[in-house]
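S.K.:
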Amino acid sequence: MTKTFSRRLGRGLAVVAAALWLAFPAHADVGQIKVATGQVFVDRKGQSLPGRVGLMLEADDVLRTGADGSVGITMRDNSLLSAGPNSIVSLERFEFDATTGDGRFDASLRRGTLAVTSGRIAKKSPQAMTVRTPSAVLGVRGTEFVVAVDD
Amino acid sequence: MTRLARWLAIMVAVLLAGCAGPKETIVLLPSPTGQDTAVTVTQGTRQVVLAQPYAGARLSRSNAEAFPSNAQEVQVRYGSALAAQPLPPARFTLFFVEGKDEFTDESKLIVDGVFAEIAKRPIPDVIVIGHTDSVGSDAANDLLSRQRAEVVRTAFAARGLAADKVVTVGRGKRELAVPTGDGVAEPRNRRVEILVR
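Residue numbers (our numbering), protein chains in the order written: chain E, 1 to 151; chain Z, 1001 to 1197.
In structure tokens:
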């Protein structure tokens, strides 16, 4: 009796675990550097990492480019962000459910130039993606735009 | 004393210039797919909506104004940023035999296209999304859709694509390519989408 119960419980838990796994595939990474030229750095938890092609990105990462630098990233929801020289871009918040397409993406351009092609998050819900500048909030209803912040 | 006054005047001018804050510019680009596109620019209580290709907004702390830009201006100002955009994801679809995790013979040709796209990219990553038709329970279809995605991962690994470059997702019968009622065997829904990024 107890054995049957525990076996049933075990099976139940396995189903729940499988369901959770389907709903939230394990990803700490939010995107990846696909293009990098010149000086590119990623500031993460007080450290500055070289921004090489292939580096996986995390929420809260800050990308910086030097006078000769540029960087292009692909996010998990297929958003594409790329920055020109002397730029600072912060990935403030990224949440994405690959099964439903629901999520939240907030990035900011503190300095420099940024080109944005929005992905599944903005497609699913136009309120779910914003790009901030020092003085404004850009709501992304569409696909491609560019932003510049001069010093 | 006059020298001090001049110094003060310069300092005030510098501070005032600093207070003007950064100038910001936003330009909406043409949509590559031709679909409707817009960016709303909100600064405090002011809002500018950019809804036409090359519609621009210029912001300073005290002002937000719309202006028309053009391809040439965008290239000059944003050329380096645009040149660094990663290639957009390339999409492929493989179809499966009913109730099984084998792909159809025609789909084997599509795999060649996938590998050609992978070869184009310096750091490719691949997302494989399995789907089913609406025959069977959610649980069975979630499992089958995952199995289909895994079969593709295995087939790709056999052709030399490292398994850690592939993320598999199973969406079961939630996203039918061809809308049907429940319990309908529709070959076009038994598919795996492949995104090469």
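All C-beta atoms, glycine included, are put in the ideal place defined by N, C-alpha and C.
Determine the chain E residues that contact Leu1059/Z at a beta-carbon separation under 8 angstroms, and present them in chain order.
M.R.: As a position in the second sequence, residue 1059/Z is number 59, starting the count at 1. Per Cβ cutoff of 8 angstroms: Thr133, Ser135, Ala136.
S.K.: Since Ala1116/Z sits in a beta bridge, which residues does DSSP pair it with?
M.R.: Within the second sequence, residue 1116/Z is the residue found at index 116, counting from 1. For Ala1116/Z, which the question treats as bridged, DSSP gives no partner whatsoever.
S.K.: Can the beta-carbon of Pro1124/Z be found less than 8 angstroms from the beta-carbon of Glu144/E?
M.R.: As a working note, residue 1124/Z is residue 124 in the second sequence. As a working note, residue 144/E is residue 144 in the first sequence. Not a contact, by the Cβ cut-off of 8 angstroms.
S.K.: Taking only three categories from DSSP, how would you classify Pro1068/Z?
M.R.: By 1-based counting over the second sequence, the position of residue 1068/Z is 68. In the structure shown, Pro1068/Z sits in a strand (DSSP, three-state: E or B).
S.K.: I need the DSSP call for Thr65/E, collapsed to helix, strand or coil.
M.R.: The residue labelled residue 65/E in the question sits at position 65 within the first sequence. Here Thr65/E sits in strand by DSSP.
S.K.: Determine, for Asp1125/Z, whether the minimum Cβ-Cβ distance to residues of chain E falls below 8 angstroms.
M.R.: Sequence index remark: in the second sequence, residue 1125/Z carries index 125 (1-based). Asp1125/Z counts as touching chain E.
S.K.: Based on the DSSP output, what are the partners of Arg44/E in its beta bridges?
M.R.: Here residue 44/E refers to the residue found at position 44 of the first sequence. Arg44/E is bridged to Gln47/E.
S.K.: With DSSP as the reference, label Gly1079/Z as helix, strand or coil.
M.R.: Numbered from 1 along the second sequence, position 79 holds the residue referred to as residue 1079/Z. Residue state, collapsed to three classes: helix.
S.K.: Cα separation between Gly1099/Z and Arg110/E?
M.R.: What you label residue 1099/Z is simply residue 99 of the second sequence in a count that begins at 1. What you label residue 110/E is simply residue 110 of the first sequence in a count that begins at 1. Using only the alpha carbons, I get a separation of about 52 angstroms.
S.K.: Return the CA-CA distance between Val1074/Z and Ala1116/Z, expressed in angstroms with no decimal places.
M.R.: In the second sequence, residue 1074/Z corresponds to position 74, counting from 1. In the second sequence, residue 1116/Z corresponds to position 116, counting from 1. Rounded to the nearest angstrom, the two C-alpha atoms are 32 angstroms apart.
S.K.: At the 8 angstroms Cβ level, is Glu1106/Z part of the contact set with chain E, yes or no?
M.R.: Your numbering for residue 1106/Z matches position 106 in the second sequence. For Glu1106/Z, the answer is no, since every Cβ of chain E falls outside 8 angstroms of its Cβ.
S.K.: So, are the CB atoms of Ala115/E and Tyr1078/Z less than 8 angstroms apart?
M.R.: Your numbering for residue 115/E matches position 115 in the first sequence. Your numbering for residue 1078/Z matches position 78 in the second sequence. Yes, the Cβ-Cβ distance between Ala115/E and Tyr1078/Z is below 8 angstroms.
S.K.: Would you say Glu95/E lies against chain Z (beta-carbon separation less than 8 angstroms)?
M.R.: Start at 1 with the first residue of the first sequence, and residue 95/E comes out as number 95. So, not an interface residue.
S.K.: Helix, strand or coil for Ile1110/Z, going by three-state DSSP, please let me know.
M.R.: Counted from its first residue, the second sequence places residue 1110/Z at position 110. Three-state result, Ile1110/Z: helix.
S.K.: Kindly indicate the opening and closing residues of the beta strand (DSSP E) around Ile1129/Z.
M.R.: Within the second sequence, numbered from 1, the residue matching residue 1129/Z stands at position 129. From DSSP, the beta strand (DSSP E) with Ile1129/Z extends over 1126-1130.
S.K.: In chain E, what lies closer than 7 angstroms to Ala1081/Z by C-beta?
M.R.: Here residue 1081/Z corresponds to residue number 81 of the second sequence, with the count starting at 1. Per Cβ cutoff of 7 angstroms: Ser70, Ser82, Ala83, Gly84, Thr113, Leu114, Ala115, Val146.
S.K.: Counting only the same chain and skipping the five closest in sequence on each side, list residues whose C-beta sits under 6 angstroms from that of Ala26/E.
M.R.: Counting from 1 along the first sequence, the entry for residue 26/E is found at position 26. Reliability of the predicted coordinates at Ala26/E is poor, the pLDDT of 43 falling under 50, and the value obtained from them is presented with this limitation in mind. Once the five neighbours on either side are set aside, Ala26/E has no close Cβ partner at all.
S.K.: Under three-state DSSP, which class holds Asp106/E?
M.R.: The residue labelled residue 106/E in the question sits at position 106 within the first sequence. In this structure, Asp106/E counts as strand in the three-state DSSP scheme.
S.K.: Which residues of chain E have a Cβ atom closer than 7 angstroms to the Cβ of Gln1043/Z, listed in chain order?
M.R.: For the purposes of this step, residue 1043/Z is taken as residue 43 along the second sequence, with counting starting at 1. In chain order: Ser135, Ala136.
S.K.: Are Thr1168/Z and Glu1150/Z close, meaning C-beta to C-beta below 8 angstroms?
M.R.: Walking along the second sequence from the start, residue 1168/Z turns up at place 168. Walking along the second sequence from the start, residue 1150/Z turns up at place 150. Yes, the Cβ-Cβ distance between Thr1168/Z and Glu1150/Z is below 8 angstroms.
S.K.: Pairing CB atoms from the region 1137-1151 of chain Z with CB atoms from the region 65-79 of chain E, are three or more of them under 8 angstroms?
M.R.: Cβ pair count under 8 angstroms is below three, so no.
S.K.: Please list the partners that Ala59/E has in chain Z, where partner means a Cβ-to-Cβ separation under 9 angstroms.
M.R.: One-based indexing of the first sequence puts residue 59/E at position 59. Those within 9 angstroms of Ala59/E in chain Z number zero; the least Cβ separation is about 18 angstroms.
S.K.: Is the region 1082-1091 of chain Z in contact with the region 1058-1073 of chain Z, if contact means three or more CB pairs nearer than 8 angstroms?
M.R.: They do not touch, by the three-pair rule.
S.K.: Just to confirm before moving on: does the CB-CB distance between Arg1058/Z and Lys1023/Z stay below 8 angstroms?
M.R.: Locating residue 1058/Z in the second sequence gives position 58, where the first residue counts as 1. Locating residue 1023/Z in the second sequence gives position 23, where the first residue counts as 1. Yes, they are a contact pair.
S.K.: Is Arg1197/Z close to chain E? Criterion is C-beta to C-beta, closer than 8 angstroms.
M.R.: Taking the second sequence and counting its residues from 1, the one referred to as residue 1197/Z is at position 197. Closer than 8 angstroms: yes.
S.K.: Does Ser1060/Z come out as helix, strand or coil in the three-state DSSP assignment?
M.R.: Along the second sequence, one-based indexing puts residue 1060/Z at 60. Ser1060/Z falls in the coil class under three-state DSSP.
S.K.: Check whether chain Z comes within 8 angstroms of Gln32/E, counting only Cβ atoms and requiring the distance to be less than that.
M.R.: Locating residue 32/E in the first sequence gives position 32, counting from the first residue. Yes, because at least one Cβ of chain Z sits closer than 8 angstroms to the Cβ of Gln32/E.
S.K.: Under three-state DSSP, which class holds Gln34/E?
M.R.: Translated into the one-based positions of the first sequence, residue 34/E becomes position 34. Note on identity: in this sequence residue 34/E is Lys, with Gln being the wrong assignment. The answer is strand: DSSP assigns Lys34/E an E or B state.
S.K.: If you draw a straight line from the C-alpha of Thr117/E to the C-alpha of Ala148/E, how long is it?
M.R.: The residue you call residue 117/E lines up with position 117 of the first sequence. The residue you call residue 148/E lines up with position 148 of the first sequence. Distance between the alpha carbons of Thr117/E and Ala148/E: 15 angstroms.
S.K.: On the three-state DSSP scale, how would you describe Leu1143/Z?
M.R.: The residue labelled residue 1143/Z in the question sits at position 143 within the second sequence. Residue state, collapsed to three classes: helix.
S.K.: Take the Cβ of Lys1120/Z as the centre, count every other Cβ of all protein chains shown within 10 Å, and call the residue buried at 16 or more, exposed below.
M.R.: Here residue 1120/Z refers to the residue found at position 120 when the second sequence is read from its first residue. It is exposed - the Cβ of Lys1120/Z has fewer than 16 other Cβ atoms within 10 Å.
S.K.: How would you list, in chain order, the residues of chain E whose beta-carbon sits under 8 angstroms from the beta-carbon of Ile1194/Z?
M.R.: One-based indexing of the second sequence puts residue 1194/Z at position 194. Neighbours of Ile1194/Z on chain E: none; closest Cβ ~13 angstroms, over 8 angstroms.
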